[in-house]
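Some notes on the structure that comes next.
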Amino acid sequence: MPALEARDLSKWFGGLAALDGLDLSVEPGEILGLIGPNGAGKSTALGVMSGFLSPSRGQVVLEGEDITGSPPITAPVGASPACSSRTCCSAAAPSSTACR
Ligand SMILES: Nc1ncnc2c1ncn2[C@@H]1O[C@H](COP(=O)(O)OP(=O)(O)O)[C@@H](O)[C@H]1O
Ligand SMILES: [Mg+2]
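Written as C-alpha cells, this is what we have:
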C-alpha cells in the first residue's frame with residue numbers, strides 16, 4: 038500500500054489553477070522530490086497534502102485513509118514503534134508521551 042497518494046488533486050485561487058490534476062504515489066521509504074519553476078504549484082501541492090490548504094478537487098490518501106480536507110497534524114509524530122501511524126498519533130492527546 039502506498040504511504041501517500043494524491044489523486045486528481047487540484048487547487049484554484051479564484052480563477053487561477055495553481056494545481057490541476059496532480060496524481061502521485063509514494064511508497065513507504067521512498068523519497069520523492071517535486072521540481073518546477075517558480076509558480077509551478079509545488080508549495081500549493083504540499084499545502085494541500087499536509088492540510089494547510091483545502092483542495093478544490095481530488096483526494097489525499099495517507100496509509101490508505103482518505104484524509105482530504107483534514108487539518109494539519111499537530112501532535113508530535115512518533116518515533117515510538119508502538120505509535121508510528123498517523124491515526125494513532127492524531128487520535129492521542131498532543132501531550133501524550135505515546136506520540137513522542
Ligand atoms: N494564497 C494564494 N492566493 C492566490 N494565488 C496563490 C496563492 N498561493 C499561490 N498562488 C499562486 O499559485 C501558483 C502556484 O504557486 P506556488 O504553489 O507557490 O508555486 P511554487 O511553490 O511552485 O513556486 C502561482 O501562480 C501563485 O502565484
Ligand atoms: Mg514554493
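Last residue of the sequence shown? That's 137 in the numbering used here, and every number before it is there in order.
Think of the CB as a built atom: it goes at the ideal place given N, C-alpha and C, for glycine as much as any other residue.
Continuous alpha helix (DSSP H) stretch holding residue i: start and end
i	result
Leu61	That residue, Leu61, is in no alpha helix (DSSP H); its beta strand (DSSP E) goes 53 to 63.
Residue i - DSSP class collapsed to helix/strand/coil
i	result
Gly84	helix
Met38	coil
Run of the beta strand (DSSP E) containing residue i, from where it starts to where it stops
i	result
Ser47	41 to 50
Gly95	94 to 99
Nearest-angstrom Cα separation, counted from residue j out to residue i
i	j	result
Gly84	Leu90	5 angstroms
Gly58	Gln96	10 angstroms
Gly78	Ala54	9 angstroms
Gly70	Glu64	13 angstroms
Ligand 2 heavy atom lying under 6 angstroms from the CB of residue i
i	result
Lys48	no
Ser91	no
Ser87	no
Ser62	no
Heavy atom of ligand 1 within 6 angstroms of residue i beta-carbon
i	result
Gly76	yes
Thr105	no
Ala43	no
Ala54	no
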